[in-house]
Each structure stands twice: as C-alpha cells, then as structure tokens.
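So the structure is just underneath, and the comments pick up after that.
Protein chains in written order, with the working numbering: chain A, 4 to 653; chain B, 12 to 473.
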C-alpha cells in the first residue's frame with residue numbers, strides 16, 4: 004500500500020497525545036513537562052519618547068507619511084566577541100528595510116541620524132516605581148545596553164535598553180512568581196508589510212518608553228500563565244502611570260516541554276489568547292520530539308544526512324501555483340529530496356499543521372519566498388498527481404522512504420532556500436530549534452526568527468551610565484501604591500465577587516473604589532458589582548469607550564448620598580452619563596423622568612397592588628405576587644428605596 | 012602595572028573595593044548589597060566614569076552598575092575573560108580585479124570596543140575587513156597599511172605629509188587606486204591638503220569614513236567602504252575625492268572633489284556636500300555614475316608630483332560684529348604669517364579692524380578673504396568697505412571655502428613667503444578650489460515645510 008498522508012497525520016497526532024485544551028488536565032501538562040515564563044511589555048505614560056523629544060502616543064495611518072528612508076542591516080560582534088545566531092540569519096535574508104516617517108512623530112534620532120539625548124527621567128522614575136512594586140533589587144547605576152535587532156524593527160539595528168532591577172517576585176492569590184529582571188527600553192517600529200525582499204515599517208511608535216518584566220519559567224499550565232500575565236499588568240496599571248489601550252501592553256510567552264527548547268511566542272496582544280497558544284506550543288514541541296524518535300529509529304545519522312536537489316524542467320501540473328507567488332529574476336523550480344523523511348512532511352505539529360509548515364515558514368522568513376512557497380510529496384488536501392510525483396522522484400534519483408519538496412525561487416534566493424530546508428531537517432533530528440514564533444488568532448503559531456541569545460548585547464557608547472542614589476529611590480518608594488495582592492485580599496474581605504476583580508484591576512479602579520466607599524459609605528460589595536458588571540457592560544455599549552473619566556463616578560455617588568437617593572439609582576443613570584459625561588446629574592434624572600417619591604408613599608401602594616393582584620384569583624402564590632408587585636413599583640422605587648428592603652416589605 | 016591589567020579602568024574607591032574583596036575584572040562574582048544580591052561578570056570601566064560603581068554583566072547579557080557604598084560583601088566565583096576578536100578570513104585574490112591599497116588613519120570602518128575610552132577601535136587587516144565586509148572581495152584585490160592611528164580631530168600637517176608620501180610610494184609601485192579610511196570630522200581638510208600635496212595623480216585617491224561606527228548594524232561604514240573601493244579600483248577619476256553617503260538611505264554614495272567638499276551636519280549620514288558646484292559622480296556597489304563631465308582622467312604613467320610642504324603659522328579669523336582689533340593684533344604678535352579672514356556677506360569686516368589690518372599688512376602678513384556664507388564669491392568691489400580692505404592688503408579668495416583656503420595658504424607658505432608669488436599661487440586653482448563659474452545648481456539648500464520641497468522629500472530619499 005502506498006503512503007497515505009492523511010492517515011499519517013492522524014496517526015502522528017495521536018502519538019503526540021494532543022488533546023483539545025478544554026479536556027486537558029494538570030496531569031496532562033505534568034506528563035509532557037509544561038514549562039512557561041513571561042516577558043511582559045508595558046508602555047509608560049510619558050509626554051515624550053525615551054531618548055528624544057518627540058511626542059509619545061501619537062499614531063499615524065500607514066499611508067500617511069512625509070518621507071521614506073532605506074536601510075540594510077549587517078551583523079556586528081557582541082561585546083564578548085561573538086556573532087549572534089539571529090543576526091546571521093537576518094543577514095542571510097538580505098532585506099531592504101523601508102521606514103515611513105511622519106515629521107510630527109519622528110525626528111533625526113528615530114532614523115539614527117542623531118545620537119540619543121539623555122534618557123527621559125519621567126520614564127526612568129516610573130520604571131523604578133514598578134520595579135520597587137515588583138520587589139526587585141534596584142541597580143546602583145543604569146547602563147544603557149544595545150540589543151541587536153536585525154529585522155529592521157529599529158533603524159539603528161539595536162534597541163537601547165537598560166536593567167532597572169533584578170530578582171524580584173510577584174504574589175498571586177495562590178502562588179508567588181519569581182521575576183528575573185525588569186528593563187526599560189525603547190519601543191520598536193510597527194510593521195506595515197513584509198513581501199519578498201522588502202519590509203516596510205512606520206516610525207510613530209518607535210522610541211516610546213516601555214518596560215519589560217521577565218519572570219522565571221514558574222508557570223505549570225496555560226491558565227496559570229494567563230493569570231500571571233494579568234497580575235503583572237495589574238501591578239503596572241496600579242501606578243496609573245502606564246499606557247492602556249491597543250498595543251500598550253504586549254507579551255512574549257516562553258514555552259517548552261520536557262526535552263524541548265525555549266520557544267518565544269512574540270507579541271501576544273491579549274492575555275486571553277495565552278492559554279490556547281501555550282497549549283498548542285507545548286504539544287507542537289512534544290510532537291516534534293516524537294518525530295525525532297521516529298526518524299532516529301530509522302537509523303538516520305544526523306552527521307551524514309544530506310538533502311539533494313535538482314532543477315525541474317518539463318511541464319508539470321503543480322508548478323503553476325508555485326510560479327504564481329515566486330518573484331525576482333531567473334525563477335527556477337527546484338525539487339529537493341529528503342532521504343528517509345517519508346512520514347515527516349505530513350507529521351502533526353499543531354492543529355491543521357505539519358512539519359511541512361515548519362519548513363515553509365522558514366522559507367518565507369529566511370529565503371523571502373512568499374507562500375505558498377512549496378509543495379511536498381505528502382500533501383494532505385491536494386496531493387500531487389502520481390505521474391508528476393514519480394517524474395520528480397526519478398529526476399532526483401529518490402529511494403523508497405524518501406520525501407520530496409518542490410519550491411520555486413529567483414536565482415539569488417535558491418541557495419538560501421536549499422540551506423534553510425536542509426538546516427531545518429537536520430534540526431528535526433536533534434530536537435526543537437530555539438526560535439521566536441508569531442501568534443495567530445486561531446491559537447497556532449508560525450516561525451518568526453531564530454531565538455536571539457545574550458550574544459546580541461553591546462554597551463551603548465553614546466550614553467553615560469546613570470547613577471541611582473539611595474535618596475532618589477527612597478523618595479520613589481514613599482509614593483508607591485499598595486500591593487495588588489493586598490488589594491485582592493481587601494476585595495475578598497469586602498465580599499466583592501471574584502469575577503469582577505479582573506475588570507477592577509485592569510482599569511485600576513481600586514483606588515477610586517476606596518475613595519467612593521470612604522466618602523459615601525456605599526457597601527463595597529455593591530460598588531464592586533456595580534463597577535465589574537454595570538460599568539463594564541455600559542462601557543462595552545458606549546461609543547465613547549476608553550474616553551470616560553471614571554472620577555465622575557465619585558461625584559455621582561456623592562450626589563446620590565447628598566440627595567438621599569438609594570445608590571441603585573446609579574445603575575439607571577449610568578448609560579446617559581457615559582454618553583453625556585458633562586451633563587448635570589439632575590438633568591439626567593429629569594431626562595429619565597425620574598421622580599423623588601418618599602419611601603412611605605411607595606410602601607403605601609403595596610396594599611392596593613396586593614388587592615389588584617388578587618382580583619379574580621382563588622389562590623395567591625406569594626412569590627408570583629411579590630414579583631408582580633416589584634415589577635409594578637420598580638420604576639418609582641429605584642433610587643428612592645432599597646429594592647431588597649421593598650421586596651421584604653411586600 | 013599589574014593592577015591596571017587586573018582592575019582595568021577602575022580607580023579610587025571602586026579600585027579599593029575590588030582589591031579588598033579580591034575580585035578581578037572578568038571575574039564572575041556574587042555581590043551582596045543593601046539593595047539585594049547581584050551576580051555576573053565584572054567588566055572593565057571607562058576611564059572617565061566615576062569611582063563609585065562597579066560594572067557587572069549579568070547572566071541575561073545586560074550590564075548594570077553596582078554602587079560600592081551599598082556593597083556588604085562580594086566574592087569571586089570564577090573567571091571568564093572575553094576573547095574579543097574580529098573573525099579573520101584570508102582576503103581572496105581574484106585575477107582581473109584592480110589592486111587597491113587601503114591606508115588606515117584611525118577611523119571607524121570596522122571596529123571593536125575599547126573599554127578604556129568607551130569608544131571603538133577599528134578593525135583593519137584585510138582579513139578582518141573581509142570577515143566584516145566580504146563583499147569587498149568582489150570589488151578589488153585589497154592590501155592595507157596602517158599609516159598612523161589618530162582620531163579625526165587630531166589629524167594635522169604631520170599626517171598630511173605622511174599620507175602624501177605614502178601615496179607617492181604606492182603609485183610608484185603601480186597601484187590601481189588608493190582608499191584612505193579617515194574620521195569624518197576633518198575629512199575635508201585632509202581632502203584639500205592631499206589635493207595640493209599630490210598633484211598630477213594617475214589614479215583615484217578616495218577618502219572615506221563613516222558617520223555611524225561599524226559596531227552598529229545600521230552603520231554606513233560597510234557601504235561607504237564598498238563605494239570607495241569601487242571608485243578607487245574602477246573609476247577613471249584620478250583626483251583626490253571624498254566618498255560618503257548621498258542620501259541618508261543606503262542607496263548610493265557621492266564622490267566629492269577634495270577641495271569643494273564640506274561636512275555640513277554633525278551626525279547625518281549624508282553630511283558631506285559639494286559646495287558651490289556639483290559632486291563629481293555618484294557611486295553604488297556596481298558602478299560609477301558621472302555627474303561632472305570634466306575631470307582628471309586615470310593614466311598609465313606614474314608621474315605624480317608629491318609636494319609635501321606645510322607652514323604651521325597660518326590661522327583663521329572668523330569675524331563677528333563688534334570684533335575688536337586686538338584679536339588680529341594678537342595673532343600677528345604671536346607670529347602668524349598667514350591669516351584667512353572669514354567675513355560676512357560678500358567678504359566684510361568692520362572699520363574698527365582697519366588699523367590692525369594695516370599694522371598686519373605692514374608686517375608682511377598674508378591675508379585672504381573667504382566667506383561665512385560658504386556659497387558664493389567674495390566680491391570686494393561692491394561696497395566701499397571691500398575696496399578699503401583690498402587697499403589695506405586683504406586679497407579676495409574667490410569662492411574658495413574657508414578651510415580650503417587655510418590649508419592652501421599653509422601649504423604655499425611652506426614653499427615661499429614672497430608676497431606676489433603667494434598671491435599668485437593662492438589665486439591659481441589647482442583643482443577647482445576656486446571655480447570660474449558657479450553653476451545654477453551649485454547652491455541648493457532646501458527649505459523644509461515648503462509644499463514642493465515636502466513633495467520632493469516624500470518621493471526622493473533625502
């Protein structure tokens with residue numbers, strides 16, 4: 004029987020032990036050695052950028068620019084005299100990097116035509132505050148370091164970054180997470196497009212101050228990673244000095260399985276994506292390790308394994324699609340023979356993906372071949388025509404048990420493509436390559452680049468070290484907010500239901516809550532629910548999302564108290580308040596046609612309503628009666644009498 | 012001496028702390044402080060930094076400073092000296108490619124870190140250069156020689172003379188082109204000096220530098236070097252030229268005449284501009300694209316004239332309103348024989364200076380007028396003041412750039428002090444330091460914000 008890719012995919016999936024996340028239990032993760040740590044990025048709320056005086060937080064559309072600049076990046080030696088692996092890979096890609104500049108948001112510093120100005124002291128202060136909250140050991144002197152990025156995301160080719168503190172910890176409700184370090188760094192460009200050998204960036208975000216909190220790999224399951232990430236973000240936000248909104252907080256998640264390697268999932272925009280991404284990544288590694296065993300059992304010697312290739316001529320059916328996406332001069336169709344790799348190119352890696360994708364993703368990034376960039380002998384959905392395949396095999400002198408891959412590329416890209424394919428296959432015989440991967444919204448990831456190491460660090464010769472004196476640290480220490488875990492415990496003591504904590508912390512509403520409670524005496528559990536349910540819902544409905552000043556709520560509750568209204572009236576007023584935050588509270592009430600009715604008057608209506616409910620009934624269901632009367636009275640009662648009390652009176 | 016090696020760059024209190032705990036530079040260490048524990052490798056410290064901190068590279072690769080006043084104890088747990096070496100590969104010899112000689116003067120074409128100063132030390136051997144910029148092997152067969160190592164601002168007469176002689180020797184040996192790696196600050200002074208000292212060149216002499224040191228991934232060094240080697244090996248412009256970025260983008264370089272070029276921005280990549288004329292040519296990795304039609308062509312002979320003369324008693328006087336005559340008197344008193352005035356407008360200074368000018372003239376001081384405006388000609392006939400000054404012995408120097416005039420007068424006074432001969436030599440251009448015509452596009456300074464300029468900048472890479 005001939006090889007069946009679809010069957011092979013199913014079989015390898017089963018062997019990997021992959022299960023949907025909702026079915027996975029802690030013992031599943033323990034079995035494969037789930038390990039994960041976080042790098043949480045948070046933009047700081049400063050007026051200006053980190054090393055120049057451009058405004059921070061102004062963004063422009065990709066087509067709205069004043070000038071373009073072109074750069075190429077070359078690898079340079081690290082301080083310790085090494086070339087970094089990523090650097091060399093990026094160099095192989097030979098990308099032309101285009102920067103789109105808007106005068107308003109970028110000066111000559113952003114495009115590396117002026118050395119840095121002194122570090123933004125506002126940003127430094129915030130970073131130290133957050134480091135202190137994170138119980139980190141604060142350094143005596145801040146040294147700006149250059150961290151190489153040859154992907155072009157920073158026009159200098161490196162990010163200026165500096166350690167503020169090392170070795171800290173973060174208390175979560177059930178666990179403490181150890182922190183490796185916190186650094187302050189300049190944010191990178193935003194990518195507009197990346198096609199073939201040309202990558203385009205815009206420079207509006209570039210240079211905005213950012214902090215990165217790095218944890219130890221202490222998380223043991225996907226949900227815990229998300230929780231940890233949330234807590235770091237809550238802590239950052241508790242200062243009130245960080246940016247919020249799209250892109251202001253991003254995280255890189257490091258994941259490995261037992262026997263696997265550190266893989267960094269980059270730029271995860273929402274914490275709620277973390278569980279699915281980490282779940283799939285740990286199983287991807289686990290499955291690739293099973294594939295390695297499968298290959299080694301065949302007796303392949305990784306030191307002698309070599310792919311062979313030839314140019315394909317003749318009119319073959321499958322070539323059309325490949326040629327459609329290929330670009331450049333002198334395009335050729337190249338077939339590659341992968342000895343003894345049958346079974347791998349349809350080997351399960353992630354839901355809907357196989358080892359072929361591992362190769363294809365790298366061909367795109369390293370050799371600049373746009374997708375679809377290859378076809379293999381193990382296509383699951385559109386298998387190659389048998390005649391075509393045997394034709395290719397013949398040209399390659401392929402043996403039984405070999406696998407084949409065909410790609411189309413411009414002459415100048417062929418060597419890089421061949422190297423990339425062979426390199427990835429040899430890696431498969433060794434284990435899991437360390438790499439950074441880009442997250443997709445379906446919970447899977449694709450190759451982004453080789454994981455950079457400590458070798459890409461270099462001292463910044465353009466800046467002087469900044470000493471941090473004890474007096475300065477003490478001053479910052481004296482103005483810190485309380486710990487998130489203490490706030491968590493307070494909310495618990497107050498009886499605030501746990502489902503609203505995330506909202507309260509993520510919007511940093513706790514200080515406001517304490518103030519409202521202190522000034523009006525509203526029941527904390529009511530206020531917590533009001534914020535976590537009513538406010539959250541109203542915000543979701545509102546057109547002005549993100550613009551509402553929460554401090555209006557303090558005035559609202561004070562108003563209700565002064566006017567002797569029941570606090571529940573806030574729920575009714577909230578929608579109008581969000582739409583018209585400048586409107587007088589009285590006017591909102593007038594709009595709602597709300598009337599002030601004395602409590603006694605409302606209670607006095609109960610006997611009449613009871614009578615009315617009873618009309619024509621022989622038997623009275625007390626519950627139904629109460630609900631009906633509540634319904635009749637609610638409109639008048641709300642704000643004038645506590646509804647629970649009213650219900651009791653009925 | 013021993014201390015210096017073990018405790019590289021540390022001094023004062025910080026040095027005492029390292030000695031006390033017996034921790035060396037490159038030693039791995041665990042430091043207990045009042046701010047917590049820190050671990051890492053002790054790094055050398057830059058000489059000008061304070062003596063209150065110790066620099067440590069932590070395991071994640073970042074450097075931090077530890078305040079010695081917070082240290083309660085520290086211990087050396089190992090030793091790991093960095094082996095910083097630029098990968099060296101044999102520079103391949105390709106038959107058929109031109110022979111190019113690279114002279115090193117201390118610029119930053121390829122470099123590594125110098126802890127002492129915090130600056131970068133250039134890589135230089137052909138092997139090192141090939142390791143860093145392998146593309147060079149496709150352009151030429153390269154040989155290198157370190158003539159001396161100074162920073163750009165320390166370049167001076169001695170170096171000009173040494174370079175001129177070295178150029179003469181290489182031409183004698185039959186080189187196809189010469190590249191000089193040079194710091195950028197005074198690249199144009201050297202360009203002028205070599206133009207005067209090396210006349211009748213049969214091959215190109217190309218000065219090149221970089222505005223971003225080569226330890227940066229976005230450095231212009233590699234591309235500048237490729238452009239310079241291309242120009243030196245393949246172009247037929249046998250003149251002293253400066254080769255630096257045209258636009259700030261990595262697109263092409265410009266070849267400027269050594270006598271008409273000037274550094275015009277403190278940090279931009281495209282800082283060098285030809286003033287009062289157009290550049291000689293554009294150059295990219297593959298070809299030379301001429302802009303000027305007339306230039307000195309490459310020849311097969313070796314008939315270069317090396318004229319290594321210099322007089323170091325020439326100075327410049329940058330005029331400002333209200334300048335008092337004692338400034339000029341002081342120069343004369345201190346024995347200066349030549350003075351280049353950098354005057355306002357068409358070449359003016361105020362009347363208060365007249366008596367001092369007269370005194371200088373009486374003492375036989377050679378005085379020439381150049382312009383703060385940089386662009387344009389000195390025209391001393393237009394106003395009375397100009398005519399007055401000429402009468403008092405100041406000679407208008409046409410559209411010669413101030414720095415070029417200073418270099419040229421120094422070079423001339425190294426040969427003769429006979430007034431008429433000095434004047435004749437000054438006003439007889441050797442290579443366009445004075446031009447007869449200023450082309451219409453010789454003066455181009457765009458004004459940002461103007462709609463058509465904005466339109467242009469958006470389309471064309473600046």
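Idealized CB from N, CA, C, for every residue including glycine.
Go ahead and pull the three-state DSSP assignment for residue i.
i                     : result
residue 666 (chain A) : There is no way to answer for residue 666 (chain A), as the model of chain A reaches only from 4 to 653.
residue 146 (chain B) : helix
residue 409 (chain B) : coil
residue 13 (chain B)  : Residue placement at residue 13 (chain B) is poorly supported in this model, since its pLDDT is 46, which falls under 50; the coordinates still yield a value, given next. Here residue 13 (chain B) sits in helix by DSSP.
residue 313 (chain A) : strand
residue 51 (chain B)  : strand
residue 44 (chain A)  : strand
residue 295 (chain A) : helix
residue 252 (chain A) : strand
residue 37 (chain A)  : coil
residue 122 (chain B) : For residue 122 (chain B), the predicted structure reports a pLDDT of 48, less than 50, and the residue's modelled location is therefore unreliable. A value from the coordinates is still provided. Strand at residue 122 (chain B).
From the beta carbon of residue i, is the nearest beta carbon of chain C less than 8 Å away?
i                     : result
residue 239 (chain A) : Of the protein chains in this structure, namely A and B, none is chain C.
Taking CB distances under 8 Å as the criterion, tell me whether residue i reaches chain A.
i                     : result
residue 333 (chain B) : no
residue 473 (chain B) : yes
residue 75 (chain B)  : yes
residue 463 (chain B) : no
residue 69 (chain B)  : yes
residue 72 (chain B)  : yes
residue 204 (chain B) : no
residue 150 (chain B) : no
residue 196 (chain B) : no
residue 261 (chain B) : yes
residue 129 (chain B) : Any reading at residue 129 (chain B) needs caution, since the residue's pLDDT is 48, under 50, leaving its predicted position unreliable; the model's value is listed next. Answer yes: the Cβ-Cβ gap between residue 129 (chain B) and chain A drops below 8 Å somewhere.
residue 81 (chain B)  : yes
residue 238 (chain B) : no
residue 40 (chain B)  : no
residue 23 (chain B)  : no
Return the bridge partner residues of residue i from the DSSP annotation.
i                     : result
residue 114 (chain B) : B:156 and B:191
residue 484 (chain A) : BP columns for residue 484 (chain A) are empty, so no partner.
residue 78 (chain B)  : B:64
residue 251 (chain B) : B:216
residue 293 (chain B) : B:265 and B:300
residue 57 (chain A)  : Residue 57 (chain A) is not bridged to any residue.
residue 256 (chain B) : B:264
Kindly indicate if chain B contains any beta-carbon less than 8 Å away from that of residue i.
i                     : result
residue 111 (chain A) : yes
residue 140 (chain A) : yes
residue 71 (chain A)  : yes
residue 481 (chain A) : no
residue 160 (chain A) : yes
residue 200 (chain A) : no
residue 127 (chain A) : no
Rounded to the nearest angstrom, how far is the Cβ of residue i from that of residue j, given a contact under 8 Å?
i                     : j                     : result
residue 225 (chain A) : residue 277 (chain A) : 7 Å
residue 73 (chain B)  : residue 460 (chain A) : 6 Å
residue 267 (chain B) : residue 71 (chain A)  : The pair is not a contact, with the Cβ atoms about 25 Å apart (cut-off 8 Å).
residue 46 (chain B)  : residue 417 (chain A) : Going by Cβ atoms, the distance from residue 46 (chain B) to residue 417 (chain A) rounds to 55 Å, so no, they are not a contact pair.
residue 110 (chain A) : residue 57 (chain A)  : 5 Å
residue 406 (chain A) : residue 324 (chain A) : Actually they are not in contact, since the Cβ atoms of residue 406 (chain A) and residue 324 (chain A) sit about 19 Å apart, beyond 8 Å.
Is any non-hydrogen atom of the ligand ZN found closer than 7 Å to the C-beta of residue i, if you look at the structure I gave you?
i                     : result
residue 280 (chain A) : This structure lacks the ligand ZN; in fact it carries no ligand of any kind.
Query raised in the report: Going along the chain, which unbroken runs of the beta strand (DSSP E) with 3 or more residues stay wholly within the segment 126-209 of chain A?
Result: 148-151, 161-174, 179-189, 193-198 and 201-205
Requested in this report: Could you pull out every unbroken beta strand (DSSP E) segment of at least 3 residues lying fully inside the segment 413-471 of chain A, listed in chain order?
Outcome: 438-442, 448-453 and 460-462
**Report entry** Length-filtered (4 minimum) alpha helix (DSSP H) runs lying within the segment 367-411 of chain B
**Finding:** 395-402
Query raised in the report: Which runs of the alpha helix (DSSP H), 4 residues or longer, sit entirely within the segment 487-524 of chain A?
Result: 487-496, 504-509 and 513-523
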